[in-house]
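Protein chains in written order, with the working numbering: chain A, 97 to 312; chain B, 802 to 1099; chain C, 149 to 439.
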């Protein structure tokens, strides 16, 4: 384990970058995803169509291709340069927000009809219905799929390894190249790093889910 | 180096006897040029029985492993018939000495990690693929040469502030993820940007996303040769890589043949022409071909 | 709940307001689209020679045969093997014997939590290169392990979704445990699971693109070769993505059809995503793991 003794700083820094990418992209994905979901269920047909198209395109495009767009194709059209980290967050957000949108929408769909009907009956507008009645319940129902999406996002940050960001997966390659004889151990250390992050996230989601559970 | 130029004429005069100078027909890519090489006739007669060279010459076929993704060194586009670059040129020179025409050479793509197994299992007869000579490799396979010496350098946009390895501190420098080159540059204080091929690095550099790209100078020269108006290779080399030609240890007799054939090509100017048609396009002076190692006595 | 219930049938004033919104939204979307087109035109991205490779037979063939076909092959092989892996480990997770159940659970949880790219890189650089089985099989094996682990979870949930009365009745008839599993639980479970299995195909198909990183054949590899030659990154990315989207839409259509055909109603299986229940019925796999 000499490599780990000498290089644990690099391992930690790489995982820190993984987590930063996951968290920052997660926040932006939630924002964009909820906006998209609102557009999808809202009364303006044009927006619903646009949001549906967005979701269709990004859900069926491999994440790697989104990275190719952001890192390789976008610079060709002379737009202002973003930093590598910003580009990574952009690619992950574009992709993940489509899945967030679907998770939130499925949450909205799980809210019983009577809730919205009652809200309308007391004279709430669409905005009020969503904000006061439907969304709070929908978010509870959407929590499990949302947690899955965010966990997947954390794992998906590994795709950035091929695009100039030395996060955990990229860092593993340096270690395995230099210490070929212990590459299985190196792989296990990095893999367990991911397992720990993922298990912590799902434990957190589980706790939230129990605390938020609505009696129906 | 210019001294070879004068000798070229003499040697060329002596060699054109066969008149086998076929047109440089390489219908592949747009800028693919291969140098004319004289294909020996009745080459099989000039080799002793039982040597691998004799077998190859009699079969009239040879399989050569080269890179497909390094312009100037070994490159093959999606629709090209044959690869181009300094390495394939060396292959053509060697094949010609066995009386094998261009169209009878089977090219095989090798990547860095499969060069030894390819030789050991006889999947290729020769590996000419920016293949640095090292003691570890020479334990497993034969390596004749070097036919070219290079070292880690920096590729930058023309007019960049970066003039050498001392200027990279805090700059984004691109290379292949996990490579020694990237670790070297990271150790010099640069922000390491790992991509999966050097071509990606070249694109990132042209886009202005990174400040420099780094790996063997020869590979960088290939990119500079493709785009001499925008790219240049700067600074001294900060490592030494000696490119050799890999052959199987089962046929140690190949070493002397490779060395003799390349020596002849160096003397008669074919080596110069091969360099000028490939890496030389970047505008660098054609270097003096390196002194080749003596073959191990078998 | 359908969107229609979220708001009243709009009255005249609301309709007018919605019309304003529609116009505003359309204008904004059109302006954005126009900006994109203008920017692309400005950067010369509509130049014919950048698109030419995609109407040149050699490159079309390269894209479809060396690219798409290989991609589909890899995905198909991986999913087939993943189903086998999934059945073995899914059933293993339900075993009464701890020494079977625990290893199966650990293996499944491990491969579900590790990024498939990390797995692929490890497999390729440890066993794939040189004398190994090459990049094609490295992709297939990595996808098998990951998708197999996800499917194991699907199978477990599918089997548990079969009503208890079924297995109780079977035991009452004197069937053995294996018999109950193979002739009562699995056939019924598979029917419930089919849509989830097919949606996992979409995930596998998308993940074949990661082979890009380890020099595997497939659409992304051919795409990289093409843009390496023509410097038409944007155009290539658009064409390759369009091919992926088309394939996935076909798969999704098949999934929907199979679901209606075999399962009849919209009875979708809920599968735990790492201890959490999550939807899998929808193709595109928003659910668990790695969408």
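Ideal placement from N, C-alpha and C gives every residue a C-beta, glycine not left out. The model shown is predicted, which means the values in this text are computed figures rather than measured ones.
Query: Taking residue 119 of chain A as part of the alpha helix (DSSP H), name the residues at either end of that continuous run.; Result: 98-137
Query: By DSSP's criteria, residue 743 of chain B is part of a beta bridge. Which residues make up the other side?; Result: In the structure displayed, chain B extends from 802 to 1099; residue 743 of chain B sits before or after that span and is not available.
Query: Considering residue 182 of chain C, what are the terminal residues of the alpha helix (DSSP H) in which it resides?; Result: 160-190
Query: In angstroms with no decimal places, state the Cα-to-Cα distance between residue 108 of chain A and residue 946 of chain B.; Result: 43 Å
Query: Straight-line CA distance for residue 229 of chain C to residue 355 of chain C?; Result: 15 Å
Query: Among B/878, B/851, B/839 and B/843, whose alpha-carbon lies nearest the alpha-carbon of residue 1117 of chain B?; Result: Here chain B has residues from 802 to 1099 only, and residue 1117 of chain B is not among them.
Query: Within 10 angstroms of the Cβ of residue 803 of chain B, are there 16 or more other Cβ atoms? Answer buried if so, exposed if not.; Result: With a pLDDT of only 40 at residue 803 of chain B, under 50, the local geometry of the prediction cannot be trusted, and the value read off the model is given with reservation. Classification for residue 803 of chain B: exposed.
Query: Does the beta-carbon of residue 179 of chain A have 16 or more other beta-carbons within 10 angstroms, so that it is buried, or is it exposed?; Result: exposed
Query: Step through the CB atoms of chain B and report whether any lies within less than 8 Å of the CB of residue 258 of chain A.; Result: yes
Query: Find the nearest neighbour of residue 318 of chain C within the set C/304, C/306 and C/334, judged by alpha-carbon distance.; Result: C/334
Query: Under the assumption that residue 296 of chain C contacts residue 240 of chain C (Cβ atoms under 8 Å), give the Cβ distance between them as a whole number of angstroms.; Result: Rounded, the Cβ-Cβ distance is 12 Å, inconsistent with contact.
Query: Determine, using beta carbons only, whether residue 196 of chain A and residue 164 of chain A come nearer to each other than 8 Å.; Result: no
Query: List the endpoints of the continuous alpha helix (DSSP H) containing residue 994 of chain B.; Result: It is not in any alpha helix (DSSP H) - residue 994 of chain B instead sits in the beta strand (DSSP E) that spans 992-996.
Query: Which of the three DSSP states is assigned to residue 339 of chain C in this structure?; Result: helix
Query: Would you call the CB atoms of residue 861 of chain B and residue 926 of chain B closer than 8 Å?; Result: no
Query: Under 9 Å between beta-carbons, which chain B residues line up against residue 171 of chain A? List them in chain order, please.; Result: 1004, 1005, 1007, 1008, 1009 and 1010
Query: For a cutoff of 8 Å on Cβ pairs, would you count residue 388 of chain C as touching chain B?; Result: no
Query: Looking only at C-alpha atoms, which of A/236, A/278, A/260 and A/224 sits nearest to residue 308 of chain A?; Result: A/236
Query: Between the region 142-160 of chain A and the region 157-174 of chain C, are three or more C-beta pairs nearer than 8 Å?; Result: yes
Query: Rounded to the nearest angstrom, how far is the Cβ of residue 873 of chain B from that of residue 1023 of chain B, given a contact under 8 Å?; Result: 2 Å
Query: What is the rounded straight-line gap between the Cα of residue 262 of chain C and the Cα of residue 1004 of chain B?; Result: 31 Å
Query: With 8 Å set as the bound, which would you pick, yes or no: does the beta-carbon of residue 915 of chain B sit closer than that to a beta-carbon of chain C?; Result: yes
Query: Sort B/901, B/867, B/880 and B/846 by Cα distance to residue 839 of chain B and report the nearest one.; Result: B/901
Query: Evaluate the contact criterion for the region 988-1005 of chain B versus the region 1058-1067 of chain B: three or more CB pairs, one atom per stretch, below 8 Å.; Result: no
Query: Residues in its own chain within less than 6 Å of residue 202 of chain C by CB, not counting five upstream and five downstream?; Result: 387
Query: What is the DSSP secondary structure of residue 298 of chain A, counted as helix, strand or coil?; Result: helix
Query: I'd like the span of the beta strand (DSSP E) that includes residue 909 of chain B, first residue to last.; Result: 906-910
Query: Which residues of chain B have a Cβ atom closer than 7 Å to the Cβ of residue 363 of chain C, listed in chain order?; Result: 912
Query: Under 8 Å, CB to CB, which of the residues in the region 262-273 of chain A have a partner in chain B?; Result: 262, 266, 269, 270, 272 and 273
Query: At a Cβ threshold of 8 Å, is residue 347 of chain C touching chain A?; Result: no
Query: Taking CB distances under 8 Å as the criterion, tell me whether residue 414 of chain C reaches chain A.; Result: Low per-residue confidence applies at residue 414 of chain C: pLDDT is 49, beneath 50, and the placement is therefore not dependable, though the value from the model is reported in the following sentence. Chain A contact via Cβ: absent.
Query: When you compare the CB positions of residue 189 of chain A and residue 121 of chain A, do they come within less than 8 Å of one another, or not?; Result: yes
Query: Could you check whether the Cβ of residue 374 of chain C sits closer than 8 Å to any Cβ belonging to chain A?; Result: no
Query: Three or more C-beta pairs closer than 8 Å, one from the region 338-354 of chain C and one from the region 216-223 of chain C: is that the case here?; Result: yes
Query: Could you confirm whether any beta carbon from chain B is found closer than 8 Å to the beta carbon of residue 377 of chain C?; Result: yes
Query: Could you tell me whether the region 1063-1079 of chain B touches the region 956-964 of chain B, where touching means 3 or more Cβ pairs closer than 8 Å?; Result: no
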